[in-house]
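Residue numbers (the working numbering), protein chains in the order written: chain D, 484 to 958; chain P, 231 to 475. Backbone N, C-alpha and C define an ideal beta-carbon position, used for all residues, glycine too. Written out below as C-alpha cells is the structure these notes cover.
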Amino acid sequence: MDISLDSHLTEPWVPDPATVQTDWGFGYSCAAESYHRSVTSPKDIIAAYADAKSSGRKVVLRGNGRSYGDVSLLSEAISLDLTRWSAVESLDKETGILVARGGARLEDIWRFSLPDGWWLPVVSGTMLTTLAGGISANIHGKNNCQSGTFGEHLAWIEIVSPGRGIERVQPDHPDFWTIVGGWGQFGFITRAAIRMKRLSSGSVLVTDHPTETWEELFAIFERDLDTEYQVAWMDGFRSGRGIYTNAKTIEADEPASLRTAYQVPSDRMAFGIRKDQAYKFLRYFTNGPGMRFLSGLKWKAAVKRPGDGGRMLPLVAYHFPLDFVPEWQRAYRPGALVQFQVGIPSEAAPLAFPALLRAAKLAKLEPYLAVVKRHRPDPSVLSYLCDGYSIALDFHQTDRNRHRLQKLLRELTDLSFSHGGKFYLAKDSFLLPADARRTFGDEALAQFREAKSRYDPDHLITSSLFRRLEIADKP
Amino acid sequence: MSNGVGYKFAIVVGASSGIGAELVRQLADGGCRVAAVARRGDRLQALAKEYPNRIIPIVADVSKFDETPAIFLRCTDALGGLDLVIYNSGIMPDVAPTEFNFAKDHAMIETNFSGAVAWLNQAAERFLSSRRGTIVVIGSVAGDRGRRGQPVYNASKAGLHAYAEALRNRLSRSGVTVTTMKPGPVATDLVAHLGFRGAIPADQAARIIIAKSSRGSEQYLKFSHRVIFSIIRLLPSWIFRWIPI
Numbered sequence: 484m485d486i487s488l489d490s491h492l493t494e495p496w497v498p499d500p501a502t503v504q505t506d507w508g509f510g511y512s513c514a515a516e517s518y519h520r521s522v523t524s525p526k527d528i529i530a531a532y533a534d535a536k537s538s539g540r541k542v543v544l545r546g547n548g549r550s551y552g553d554v555s556l557l558s559e560a561i562s563l564d565l566t567r568w569s570a571v572e573s574l575d576k577e578t579g580i581l582v583a584r585g586g587a588r589l590e591d592i593w594r595f596s597l598p599d600g601w602w603l604p605v606v607s608g609t610m611l612t613t614l615a616g617g618i619s620a621n622i623h624g625k626n627n628c629q630s631g632t633f634g635e636h637l638a639w640i641e642i643v644s645p646g647r648g649i650e651r652v653q654p655d656h657p658d659f660w661t662i663v664g665g666w667g668q669f670g671f672i673t674r675a676a677i678r679m680k681r682l683s684s685g686s687v688l689v690t691d692h693p694t695e696t697w698e699e700l701f702a703i704f705e706r707d708l709d710t711e712y713q714v715a716w717m718d719g720f721r722s723g724r725g726i727y728t729n730a731k732t733i734e735a736d737e738p739a740s741l742r743t744a745y746q747v748p749s750d751r752m753a754f755g756i757r758k759d760q761a762y763k764f765l766r767y768f769t770n771g772p773g774m775r776f777l778s779g780l781k782w783k784a785a786v787k788r789p790g791d792g793g794r795m796l797p798l799v800a801y802h803f804p805l806d807f808v809p810e811w812q813r814a815y816r817p818g819a820l821v822q823f824q825v826g827i828p829s830e831a832a833p834l835a836f837p838a839l840l841r842a843a844k845l846a847k848l849e850p851y852l853a854v855v856k857r858h859r860p861d862p863s864v865l866s867y868l869c870d871g872y873s874i875a876l877d878f879h880q881t882d883r884n885r886h887r888l889q890k891l892l893r894e895l896t897d898l899s900f901s902h903g904g905k906f907y908l909a910k911d912s913f914l915l916p917a918d919a920r921r922t923f924g925d926e927a928l929a930q931f932r933e934a935k936s937r938y939d940p941d942h943l944i945t946s947s948l949f950r951r952l953e954i955a956d957k958p
Numbered sequence: 231m232s233n234g235v236g237y238k239f240a241i242v243v244g245a246s247s248g249i250g251a252e253l254v255r256q257l258a259d260g261g262c263r264v265a266a267v268a269r270r271g272d273r274l275q276a277l278a279k280e281y282p283n284r285i286i287p288i289v290a291d292v293s294k295f296d297e298t299p300a301i302f303l304r305c306t307d308a309l310g311g312l313d314l315v316i317y318n319s320g321i322m323p324d325v326a327p328t329e330f331n332f333a334k335d336h337a338m339i340e341t342n343f344s345g346a347v348a349w350l351n352q353a354a355e356r357f358l359s360s361r362r363g364t365i366v367v368i369g370s371v372a373g374d375r376g377r378r379g380q381p382v383y384n385a386s387k388a389g390l391h392a393y394a395e396a397l398r399n400r401l402s403r404s405g406v407t408v409t410t411m412k413p414g415p416v417a418t419d420l421v422a423h424l425g426f427r428g429a430i431p432a433d434q435a436a437r438i439i440i441a442k443s444s445r446g447s448e449q450y451l452k453f454s455h456r457v458i459f460s461i462i463r464l465l466p467s468w469i470f471r472w473i474p475i
C-alpha cells in the first residue's frame, strides 16, 4: 500500500507538553523525554509519521524498553509505543506458523503457543522483549550456535514505513535482512509470522560444569558444540572462574509440562522474599565487596552440586530467570547498569576475554557479572555476530566512577577491536561513529543507508544511538 | 549530577540582563544547554556569543501569552530536553509617590505575574507528565509586604510567591521541584535607579540561586537576609506608612 504523508498535512502538528514522558534505557544509564504516543493500529503509525513531517520532529520507535542503552530513545521526538498493538493472532497447529502483532511480547507468544506444544525457536534472555523489538534487534539466545538468530525463523514480516506504507516482506526479499536487525530505522514492524519449534515436553535438562580457567571453559564449549543450549556465567572478580551450563529439551512425551502453571516459577525466593521486592534486598550487595561475595557463593554452590546427572527445569524458568525478579536492574539505582557486550572470533576469544577482565581489574572496576555465549555469524546487513564467542560484562556506573568507567569502556572497545570484535547495539550506550564503521564495515553501512533512503526518504525515524553513531542521521 | 551545575537543559526567561544573564552564563559554563528568552535580541545575541554551542537565544515577549506555548516548544526542541525552567522576567518602573498609572501597573502584572503563569504552566504540564524537573521562580523580598513606593510591584511578586507555593504543593508528589527565590537588593538595572547600598552583585546572586535551585521551598540569598526579612514580615503594617520605599 502506498501512502502519502502530505495528504495529512492540513496544518502543522503541535506537540502537547502533557504527553511528554521520560523513557529510560533498560540499565538506567540514559533517558530521554519525548512526546509519547501509543499505537493501536497501523493507521496511528502513519498519522504519527505525518505529524512528525508536518512539525519537523523525528519519530523514535519503541517497544518494551528492554535495550540497555539509547537505541530506542530520542529527546523531543514523537515516541511511538507499540506495546498496545500486541495480540497473538493465530497459530497453525499443523505447520507451527504463528502470526502475532509487533507489540506482542515473547511472553504473550509462548503463553499462547506452548500448551499446544510450540515454542519460540530463539529467545532472548528476557521474555519481555516485543516481537517488533526482537526482530529489529535480530535477537539471539543460548542456542545461537545451533539455531541462529530470531530473524532466521521468520516466514514474513509486515512493516509500516514512511516511504512505502504497509508492506509484507519475506526472507527472499532483497531488503529483508536490512530490516531484520535494522533497529527500527525503516518503520514499525506491525506483524510477523514465526516458524515455531515443535516440543513434546516443556522441560530442559540442565547440566552445570564449574570451571577454574579460561582454557577449561573454551574446551568445554567446543566439546559441546552440538548441544542445544550453551552459556557460561563467569565470575567478574576472578578471571577464568565460572559455571558453564548446557541444556537440551527433553524429548519425552510430557503434555503436563507444557502447561503454563508448570512453567512459571514461584514468586518467592529464599527466606520467603517476594521476588518483586528482591531488588531492594539486592541493593545491599550491589557494590564491589557484595558482588564479590555473591559470585564466590554462586561458584561454590555449583562446585558442591552434583553435576553428572543434570537437573530438570521448566523452559521458561531456564530461559528467563531474571524476569521473575521484576525490575532487578533497579538494584543498581541510584547509579546505572552499563553493559559491555562484544563478539570475538573463536581463535581470538581465549586471548581477548582474559585481557578484558584484566583491564577491568586494573581499573578497579570489575564487572559484577560476565556471561559468555557461543555464536555463529548472523545474516543481517548490520551483522553483529561472528563465528566465535560473545562476552557481556555488567558494570555499575555511579556518579563517582562515571568518568573512570567511560575511560575503561573506551579501553575495552579498542582492545576488542584489536581482536576482531563486533558490537551489539541493543547493549550500547558509549560507542563512537568510528566504532560503528569498524563493526559493520562501510559497505554494509552504505547498503543500510540506501535502503533507509527508500523506506524513510525524509529521515523521520531515528534514535539517539543512530545520531550518536552517525549511521543514518547526524546530531 | 550530570555536570558542574547539575542540569543539562535549561530555559531562563528574562535572560538579557542582570541576574538572568548571569544565570545563563553560569549554567552554560557548567555544561548546561540554555535557551535564553528575552525581548532584547541584541543583548541575547551578545550573550550567546560567549557560549555559542550552549546558549540558544530566543527572542520573545512574555506578555504575548498566546505565543508562549509555541515558544516553549521551540525552546525544548532546540535544547533537546528540559531539566530546569527559571522565570526571571520582571519590571519595576519608577513610580512617583502620587502616581496611579494603570498602564505601568498593568505592564508590571503582565511581565511579573501573568507571564510567569503562562510560562510555568507549560513547564508544570510537561514536568508533571515526565515526572521530573525543576522550576525556579525569581520572586522578591518586595513581595513580602505592601509598601508605599511600589504597590503593584509588591502585589505582583506576592501573587507570584503564592502561585509558586501552590505549584510546589500541586507537583510535590510528581518528582517536580519548585523553588521560590526571594532576592533582596541585587546590583542590576532593575534597581539601579533606587541606589541601594550593599546590593549583592548579580553574578553572586546567580551562583546562589543555582546552588539553592533544588531545595524546593522559599529561599533567600543569604542567611542574614532570611533573618532581616523574616523580622520585616512580622512588623505591624502601620510601620510601613513611615518608610518611603
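Coil, strand or helix - ARG742 of chain D by DSSP: coil
Give the straight-line distance between the Cα atoms of ARG270 of chain P and PRO415 of chain P, rounded to the nearest whole angstrom. 23 Å
Whole angstroms is fine: what's the gap from VAL292 of chain P's alpha carbon to GLY320 of chain P's? 10 Å
Can you list, in chain order, the residues of its chain whose CB lies under 6 Å from that of HIS623 of chain D, leaving out five sequence neighbours each side? THR632
Against chain D, does ASP296 of chain P count as a neighbour if the rule is that its beta carbon must be under 7 Å from one of theirs? no
Pull up the distance between the alpha-carbon of TYR383 of chain P and that of ASP335 of chain P, whole angstroms please. 8 Å
What does the alpha-carbon distance come out to for the pair GLU448 of chain P and LEU465 of chain P? 19 Å
Shorter than 7 Å from the beta carbon of VAL643 of chain D to some beta carbon of chain P? no
Distance between LEU350 of chain P and LEU898 of chain D (C-alpha atoms, nearest Å): 49 Å
For LEU700 of chain D and VAL406 of chain P, I'd like the C-alpha separation in whole angstroms. 50 Å
Nearest-angstrom Cβ-Cβ length linking ALA278 of chain P and ALA266 of chain P, presumed shorter than 8 Å: 7 Å
Give the interface partners of THR505 of chain D over in chain P, defined as CB-CB distance under 8 Å, in chain order. SER360, ARG361 and ARG362
How long is the line joining the alpha carbons of LEU309 of chain P and GLY600 of chain D, rounded to whole angstroms? 52 Å
What does ARG356 of chain P touch in chain D if you count any residue whose Cβ is under 7 Å from its own? PRO500 and VAL503
Fully enclosed by the segment 739-812 of chain D, which beta strand (DSSP E) runs are 3 residues long or longer? 794-797
Which class does MET679 of chain D belong to by DSSP, given the choice of helix, strand or coil? coil
Whole-number beta carbon distance between TRP697 of chain D and GLY723 of chain D, since they are thought to touch under 8 Å: 5 Å
For SER558 of chain D and chain P, any beta-carbon pair shorter than 7 Å? yes
Residue closest to THR409 of chain P, alpha-carbon to alpha-carbon, out of P:VAL457, P:THR418 and P:ALA396: P:ALA396
Taking the alpha carbon of ASP707 of chain D as the reference point, which residue from D:GLY719, D:PHE720 and D:ASN729 has its own alpha carbon closest? D:ASN729
Using a Cβ cut-off of 8 Å, pull out every chain D residue sitting near GLY311 of chain P, in sequence order please. ALA515, GLU516, SER558 and GLU559
Answer with buried or exposed for GLU340 of chain P, where buried requires no fewer than 16 other C-beta atoms within 10 angstroms of its C-beta. buried
On the premise that GLY667 of chain D lies in contact with SER912 of chain D, defined as a C-beta separation below 8 Å, what is that separation, rounded to the nearest angstrom? So it is not a contact: roughly 17 Å between Cβ atoms.
Delimiting residues of the alpha helix (DSSP H) encompassing LYS442 of chain P: 432-442
Of the residues P:ALA432, P:ASP307, P:MET322 and P:ASP296, the one placed nearest PRO498 of chain D, counting alpha carbons only: P:ASP307
Just checking, does the segment 439-448 of chain P make contact with the segment 363-374 of chain P on the three C-beta pairs under 8 Å criterion? yes
When you check each C-beta in the segment 243-268 of chain P against every C-beta of chain D, which residues fall closer than 7 Å? none
What residue does the alpha helix (DSSP H) around VAL347 of chain P start on, and which one ends it? 345-360
Measure the alpha-carbon distance for SER524 of chain D versus LEU603 of chain D and round it to whole angstroms. 25 Å
Short of 7 Å in beta carbon distance, which residues of its chain neighbour VAL652 of chain D, apart from the five on each side in sequence? Order them along the chain. TRP639, ILE640, ILE642, ASP658, PHE659 and ILE662
Rounded to whole angstroms, what's the CA-CA distance from SER901 of chain D to PHE836 of chain D? Just pull it up for me. 12 Å
For LEU350 of chain P, would you say it is in contact with chain D, using Cβ-to-Cβ distances shorter than 7 Å as the test? no
Contact check, SER946 of chain D vs VAL554 of chain D, beta carbons under 7 Å: yes
Find the residues of chain D that neighbour THR306 of chain P, judging by a C-beta separation of less than 7 Å, and give them in chain order. GLU559
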